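Novice:
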Ligand code: PEP
Ligand code: MN
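Numbering (the working numbering), first residue to last: 21 to 368.
#1: Are three or more beta carbon pairs between the region 288-296 and the region 71-91 nearer than 8 Å?
#2: What are the start and end residues of the beta strand (DSSP E) that includes residue 145?
#3: Is the beta carbon of residue 58 sitting closer than 7 Å to the one on residue 94?
#4: Report yes or no: do the region 66-77 and the region 30-39 share at least 3 C-beta pairs separated by less than 8 Å?
#5: According to DSSP, is residue 386 part of a helix, a strand, or is it coil?
#6: Report yes if the C-beta distance between residue 173 and residue 217 is below 7 Å; otherwise report no.
#7: Between residue 219 and chain D, is any beta-carbon pair separated by less than 7 Å?
#8: Just the residues with CB closer than 5 Å to a heavy atom of the ligand PEP, in chain order, which are they?
#9: Bridge partners of residue 96, per DSSP?
#10: Contact between the region 159-178 and the region 115-135 is defined here as three or more beta-carbon pairs at a separation below 8 Å; is this criterion met?
#11: Quick check: is any heavy atom of the ligand MN less than 6 Å from the C-beta of residue 249?
#12: Nearest by alpha-carbon distance to residue 246: which of 44, 24 and 26 is it?
#13: If you pair each beta-carbon of the region 229-238 with each one of the region 308-321, do three or more pairs fall below 8 Å?
#14: Any idea if residue 190 is buried or exposed, counting beta-carbon neighbours within 10 angstroms, 16 or more meaning buried?
#15: Please state whether DSSP places residue 43 in a helix, a strand or coil.
#16: Quick one: what does DSSP say residue 236 is sitting in, helix, strand or coil?
#17: Can you give me the Cβ contacts of residue 269 inside the same chain, cut-off strictly under 6 Å, excluding the 5 residues immediately before and after it?
#18: List the whole-angstrom C-beta distance separating residue 126 from residue 104, where the pair is believed to meet the contact cut-off of C-beta under 8 Å.
#19: What does the Cβ neighbour count give for residue 24, buried or exposed, with the cut at 16 atoms within 10 Å?
#20: Buried or exposed for residue 146, please, with buried defined as at least 16 other CB atoms from any protein chain shown within 10 angstroms of its CB.
#21: Tell me the residue span of the beta strand (DSSP E) that contains residue 27.
#22: Measuring alpha carbon to alpha carbon, tell me which of 325, 67, 329 and 248 ends up nearest residue 211.
#23: Can at least three beta-carbon pairs, one atom from the region 349-356 and one from the region 296-304, be found at a separation below 8 Å?
#24: Kindly list the residues whose CB is nearer than 7 Å to the CB of residue 331, restricted to its own chain and excluding five residues on each side of it in sequence; keep chain order.
#25: Take residue 169 as the anchor and find which of 181, 143, 157 and 196 has the nearest alpha-carbon.
#26: If contacts are defined as beta-carbon pairs under 8 Å, then residue 176 and residue 207 qualify, I think. What distance do you get, rounded to the angstrom?
#27: With burial defined as no fewer than 16 other Cβ atoms inside 10 Å of the residue's Cβ, what is the status of residue 309: buried or exposed?
#28: Looking only at DSSP bridge pairs, what is residue 208 linked to?
#29: Measure the beta-carbon distance from residue 171 to residue 124 and round it to whole angstroms, keeping in mind my assumption that it falls under 8 Å.
#30: From this set, 100, 91 and 150, which residue's C-alpha is nearest residue 110's C-alpha?
#31: Please state if the CB of residue 351 and the CB of residue 30 are separated by a distance shorter than 7 Å.
#32: Is the beta carbon of residue 402 less than 7 Å from the beta carbon of residue 148?
#33: Quick one: what's residue 58 bridged to in DSSP?
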């Protein structure tokens, strides 16, 4: 099992040159509880035409970095071939990326390749969507294959139109994983949750408050010029500033459970607000259409149908009908108000 000590992973999103890796490694290796130097070698990009990593060439740079700085290296793998190349170049620790965790065939292929290297630690990022069973399933595939040191990484979950982060943190899933798999350490990746460097600090602190077992932070000497994830990377200088400002709790004092619930609730509030913003945007777009089509703002028949449908949902969800009706009525009033303003607007 992985040693129970806080683990700091830092390094660039992607390995871009030996010089870039060298500058970052020189700095981050000095951080307290430094565990591994991360660098993306093969980049699974969402859209075609983006930088996809330097592959084997970058593995050679990383092998030199490991030797020069005497540090452990950590690389994302998405296939058996990646595992085999990483082992050839002496990579110490592996992780499975969010896009791969969601693919049982790919995870099984990696698990099969790992049977030859049972002592190499491997960390599993949560899948892109909040499919808890897929996350657990990927961890179990590795455990069944005999990997001795499996860990998990919370990197947030994709949600349509979610703001202000790139991915929604779901701290309750992190807790569920802890309850179901107490032997698995869970570290948090604030860089991929945030998607924007301005949120890294507060997300690191929240993760610590949620008793994360470590952090994975993307660091780049010149984030604006980074070939991938440029908005969310931070300079080594900023990394140290943030890291030294974090408040760590005593190992033997259990953090106030109420605080953990507050953190989860604040995530849920964020989701509610994000959904409300999305709803109001749709209401405004619809207002323009109604105006152009000469329809009236208020369509009471339709609204009554909406209320009836929601009432049925209340029974299923165990919610009070009176409470839901009150909320829906406030939302409806605001929606009518927004559309009325669109109707009243004088076209210039
Ligand atoms: C990464 O760590 O650079 C990465 C691609 O992460 P994720 O799989 O979380 O998107
Ligand atoms: Mn990245």
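C-beta atoms are modelled at their ideal positions from N, C-alpha and C, and glycine is treated no differently.
Treat the numbers as computed from the prediction; the structure is a model and nothing was measured.
Specialist: In brief:
#1: Fewer than three pairs of CB atoms, one per stretch, sit closer than 8 Å, so the region 288-296 makes no contact with the region 71-91.
#2: From DSSP, the beta strand (DSSP E) with residue 145 extends over 142-145.
#3: Closer than 7 Å, so yes.
#4: Result yes; three or more Cβ-Cβ pairs closer than 8 Å.
#5: Lying before the first or after the last residue shown, residue 386 is absent from the chain, which here runs from 21 to 368.
#6: Not closer than 7 Å, so no.
#7: The structure shown contains no chain D, having only a single protein chain.
#8: My final list is 33, 60, 117, 118, 145, 175 and 212.
#9: According to DSSP, which records beta bridges pairwise, residue 96 is partnered with 115.
#10: They touch, by the three-pair rule.
#11: Distance from the C-beta of residue 249 to the nearest heavy atom of the ligand MN is below 6 Å.
#12: Comparing Cα positions, the closest option is 44.
#13: Not touching, per the Cβ criterion.
#14: Looking at its Cβ environment, which holds 16 or more other Cβ atoms inside 10 Å, residue 190 is buried.
#15: Correct three-state label for residue 43: helix.
#16: Correct three-state label for residue 236: strand.
#17: Excluding sequence neighbours, residue 269 sits near 275.
#18: Rounded, the Cβ-Cβ distance is 15 Å, inconsistent with contact.
#19: Residue environment for residue 24: exposed (fewer than 16 other C-beta atoms within 10 angstroms of its C-beta).
#20: Around the Cβ of residue 146, a 10 Å sphere holds 16 or more other Cβ atoms; the residue is buried.
#21: 27-31 is the extent of the beta strand (DSSP E) around residue 27.
#22: Between residue 211 and the set 325, 67, 329 and 248, the nearest pair of CA atoms involves 248.
#23: With a cut-off of 8 Å, the region 296-304 and the region 349-356 count as touching, because enough Cβ pairs lie within range.
#24: For residue 331, the CB contacts under 7 Å within the same chain, skipping 5 residues up- and downstream, are 341 in chain order.
#25: Nearest option by C-alpha distance: 143.
#26: About 13 Å separates the beta carbon of residue 176 from that of residue 207, a gap too long to meet the 8 Å contact definition.
#27: The residue in question, residue 309, is exposed, as its Cβ has fewer than 16 Cβ neighbours within 10 Å.
#28: Looking at the DSSP assignment, residue 208 forms a beta bridge with 174 and 235.
#29: About 19 Å; that fails the 8 Å criterion.
#30: Closest by alpha carbon: 91.
#31: Annotated as distal: residue 30 and residue 351, with beta-carbon spacing of 7 Å or more.
#32: This structure cannot settle anything about residue 402, because the visible part of the chain is limited to 21 through 368.
#33: DSSP lists 94 as the bridge partner or partners of residue 58.
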